[in-house]
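Novice: Just dropping this structure here.
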Amino acid sequence: MSRETILLVEDNPDEAELALLGFGEIDGDYDIQLVPNGEEALDFLFARGQHADRPRERKPDLVILDIDLPRVNGFEVLKQLRQDPEYRYTPVVILTTSDEQSDILRGYQLGVNSYLCKPVDFESFADLLQQVSRYWLKSNTFPKDGPS
Amino acid sequence: MPELPTPLRSLRALKTPGIGQRLLFQIILFSSLITLVATAFQLYTDYQRDVGLIKTRMDDIEGSYLGSISASLWNLDIQQLQLQLDGIAQLPDIKSVTVQESPENVTSPLRISRGKTGGNNVITRHYPIVHHLSSGSRQIGTLTVQASLSQVYARLQEKVVVILLSQGVKTFLVSLFILYIVYRMITAHLARISERVSRFEISQPQPPLTLDRSPPEQPDELDHVVNAFNTLSRNLRQAYEHMQEVNQALAQDIIARRQAEEEVKHLNAVLEQRVRQRTAELEAANRELASFCYSVSHDLRAPLRRIEGFRRILNDSYHTKLDDKGRHYLDRIAAGTREMADMIDSFLRLSRATQGELNVEIVDLSASVQRIFAEYRERDPHRKVELVINDGISAPVDRHLFNMLLSNLLDNAWKYSEHCDHAVIRFGFKEEDGERIYYLADNGDGFDMQYADRLFAPFSRLHSHSEFDGVGIGLATVQRIINRHGGRIWAESRPGEGAIFYFTLWERNTDREQGNHLVGRGQPG
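Chains as they are written, first to last, in my numbering: chain A, 938 to 1085; chain B, 936 to 1460.
Next comes the structure, spelled out in structure tokens:
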């Protein structure tokens, strides 16, 4: 069984590094694809542009999205992703510093599976990443025509 | 009304029911009565006199005729007898005279008569005709004289007519005269007085009332009336003038007051306008500040996370490569980031308490306090704190904000009663002047009242850091929330004797919250 692919969309390199470190600390061995903006995230999702040669098996099994992204923001990515039947059931988790109600609402309206605020404490952050990955990739059951 | 000559006017006065008419009626009545009585008396005396005259005449007949008739009858001198009877019959008032011979001695007694006998209203007298002989007196017949009273009655009747007529005319004339006099002396003046009184106009200065007559030597009743009227009108006039002055003063007062009121109204309007403008500006500034605060807090949180993250990695992965000093610095960084994170969280709560719509519903505050208290108890199981609370204290508030508020107050109470052996936290309300004042009290360390005004300012702490945790923004948040609920909050305390926080709700409607007071029935808790 191939490793599950996680698409991590994070524009801030420090945040990205921390997130990767966080993933590094968890037990699961995931294939993590980091992209710095929404445009590239869409390219990777739909295997086009600079990610046109993305192998089929690297289709993301979990998308972790920040909202404030350059070029195409997180909501737009979420919207386009959900419009594609291929990603209809793919778990998408928004991981952001904003706990503004309007953002949370918007996220759920666009079909996000989970909305998480980044904890200040790194340990908690790493914990959260672990929990989220395990939950969506191991515990959760999807419909048959869902993500492989 | 055209002026009529005085007598005519007095006649006119007769037609209208008034003193004149009544007076005339009374006079005529009384005068007629007197006339009647006097007439009756006079008629009676006249009658007596006339009847007396007739009787005297009859007495005279006895004296002057009876002797000669006796002689004529004795001698049977019929002719003489007839002459004598004629003589009697011609006397005034004598109606008939008859000589009747006594029937005792003769077979056919002689009877001679003049005039008609019988009828009413007659006085009849019988005279015995006595003839004196030497042997003595002997009645030889009877003379009967009848006198008629009809003439007497006729005369009396005539007299009645004359008397009544003359009396009537006299009464009428006297009445007219009296009426005229009364009119001249009283009624005319009364009419004048009455006309003056009814024309009396208090706002116009009036000439004194005078009577149209030459004044009598001694002032009479009319003069008294006139004087009384003049005094009255003078007094009235004075009172009126005084009243006018007072009125004018009052009117000026009112005008002044109205002007003052206008001015106040104008100033108020200006002030209100200014207040509205300032409030709007302030609200705009507040909103801006709040959103600024929010975004700054957010933006601060992100790099803080990174610092903390990298510190953590340093700590975990490079722990062995650092000496004790290095590890100590890492701990210091950790403490600093934690404090800053707390501060940012408080900031966010404060800005959230200021922003957003109020969603007012009936909230069971007792249940909220109990729930929050339970959380604290769970967090700090070793603390012994007693909660004294009345069940079912509800109020129309924003549930979310009030949870924040009660958390902050309870947090305070919990924190500052830490050094207490038997801490008691009380929550309830009291009614004062119809106003409900809620309170949350503890028996903890309390504070010095001279710092009471600093209590609700952000970042002001009355206790040093080492004593208690916290960034000192909780009470500022509490005050914001109470403000948004149109209430006041204040605290009373003494060092070492605990603190009581009082707050009220909805004393005023805040402009921003208007229209948002529809109270929903939420589930308590």
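Note that beta-carbon positions come from the ideal geometry of N, C-alpha and C, so glycine has one too.
With a cut-off of 8 Å, does the C-beta of residue 1035 of chain A fall near any C-beta of chain B?
Specialist: yes
Novice: Going by DSSP in three states, residue 1032 of chain B sits in which element: helix, strand or coil?
Specialist: strand
Novice: Along the beta strand (DSSP E) that carries residue 1372 of chain B, what are the first and last residues, could you check?
Specialist: 1370-1377
Novice: Quick check: the region 938-955 of chain A against the region 971-979 of chain A, are at least 3 beta-carbon pairs closer than 8 Å?
Specialist: yes
Novice: What did DSSP end up calling residue 1059 of chain B once you bin it into helix, strand or coil?
Specialist: strand
Novice: Can you tell me where the alpha helix (DSSP H) holding residue 1009 of chain B begins and where it ends?
Specialist: Element bounds for residue 1009 of chain B: 954-1010.
Novice: Is any beta-carbon of chain B found at less than 8 Å from that of residue 1057 of chain A?
Specialist: yes
Novice: With DSSP run on the structure shown, which of helix, strand or coil describes residue 1410 of chain B?
Specialist: helix
Novice: Leaving out five residues on either side along the sequence, give the residues of the same chain with a beta carbon under 6 Å from the beta carbon of residue 1066 of chain B.
Specialist: 1005, 1009, 1073, 1075
Novice: Does residue 1441 of chain B have its Cβ less than 8 Å from a Cβ in chain A?
Specialist: Between residue 1441 of chain B and chain A, the shortest Cβ-Cβ separation is not below 8 Å.
Novice: With residue 1240 of chain B as the anchor, note down where its alpha helix (DSSP H) starts and where it stops.
Specialist: Residue 1240 of chain B: member of the alpha helix (DSSP H) spanning 1156-1252, first to last residue.
Novice: Any Cβ of chain B within less than 8 Å of the Cβ of residue 1062 of chain A?
Specialist: yes
Novice: Which residues in the same chain as residue 1017 of chain A place their Cβ atom closer than 7 Å to its Cβ, once the five residues preceding and following it in sequence are excluded?
Specialist: 979
Novice: Name the one or two DSSP bridge partners that residue 1331 of chain B has.
Specialist: B:1297
Novice: Take the Cβ of residue 1042 of chain B as the centre, count every other Cβ of all protein chains shown within 10 Å, and call the residue buried at 16 or more, exposed below.
Specialist: exposed
Novice: Should residue 1019 of chain B be labelled buried (16 or more other beta-carbon atoms within 10 Å of its own) or exposed?
Specialist: buried
Novice: When the Cα atoms are used, what is the spatial distance from residue 1002 of chain A to residue 1067 of chain A?
Specialist: 15 Å
Novice: With burial defined as no fewer than 16 other Cβ atoms inside 10 Å of the residue's Cβ, what is the status of residue 975 of chain A: buried or exposed?
Specialist: Burial state of residue 975 of chain A is buried, judged by a 10 Å Cβ sphere holding 16 or more other Cβ atoms.
Novice: Is residue 1268 of chain B near the ligand SAM, with its Cβ less than 7 Å from a heavy atom?
Specialist: For the ligand SAM, the structure offers nothing, since it holds no ligand at all.
Novice: With a 10 Å radius around its C-beta and 16 neighbouring C-beta atoms as the bar for buried, classify residue 1112 of chain B as buried or exposed.
Specialist: Classification for residue 1112 of chain B: exposed.
Novice: Which word fits residue 1454 of chain B, buried or exposed, when buried means at least 16 other C-beta atoms lie within 10 angstroms of its C-beta?
Specialist: Because the pLDDT at residue 1454 of chain B is just 41, under 50, the model does not fix this residue reliably, and the point stays unresolved.
Novice: Residue 1117 of chain B and residue 958 of chain B look like a contact to me (Cβ under 8 Å); what is the Cβ gap, rounded to whole Å?
Specialist: 6 Å
Novice: Which bits of chain A does residue 1270 of chain B rub up against, with CB to CB less than 7 Å?
Specialist: None at all; the shortest Cβ gap to chain A is about 13 Å.
Novice: Look up residue 1323 of chain B in the DSSP assignment and give the residues it is bridged to.
Specialist: B:1361
Novice: Alpha carbon to alpha carbon, how far is residue 956 of chain B from residue 968 of chain B? Give it in angstroms, no decimals.
Specialist: Distance from the CA atom of residue 968 of chain B to the CA atom of residue 956 of chain B, rounded to whole angstroms, is 18 Å.
Novice: Classify residue 1304 of chain B as buried or exposed, calling it buried when 16 or more other Cβ atoms lie within 10 Å of its own Cβ.
Specialist: Burial of residue 1304 of chain B is indicated by the presence of at least 16 other C-beta atoms within 10 angstroms of its C-beta.
Novice: Check for me: the alpha helix (DSSP H) holding residue 1090 of chain B runs from which residue to which?
Specialist: Boundaries of the alpha helix (DSSP H) around residue 1090 of chain B: 1085-1117.
Novice: So is residue 1314 of chain B in contact with chain A if we call contact Cβ pairs under 8 Å?
Specialist: Answer no: the Cβ-Cβ gap between residue 1314 of chain B and chain A never drops below 8 Å.
Novice: For a cutoff of 8 Å on Cβ pairs, would you count residue 1233 of chain B as touching chain A?
Specialist: Closer than 8 Å to some Cβ of chain A, the Cβ of residue 1233 of chain B qualifies, so yes.
Novice: Please report the distance separating the alpha-carbon of residue 954 of chain A from that of residue 1375 of chain B.
Specialist: For residue 954 of chain A and residue 1375 of chain B, the distance between alpha carbons rounds to 48 Å.
Novice: From the DSSP output, which residues share a beta bridge with residue 968 of chain A?
Specialist: A:942
Novice: At the level of alpha carbons, what is the spacing between residue 1136 of chain B and residue 1126 of chain B?
Specialist: If I take the Cα positions, the gap works out to 17 Å.
Novice: For residue 1360 of chain B, which option in B:1366, B:1380, B:1371 has the closest C-alpha, if you only look at C-alpha atoms?
Specialist: Considering only alpha carbons, the answer is B:1380.
Novice: Touch check for the region 1280-1288 of chain B and the region 1315-1323 of chain B: three-plus C-beta pairs under 8 Å?
Specialist: no
Novice: Under three-state DSSP, which class holds residue 1353 of chain B?
Specialist: coil
Novice: Sort A:998, A:951, A:1053 by Cα distance to residue 1245 of chain B and report the nearest one.
Specialist: A:951
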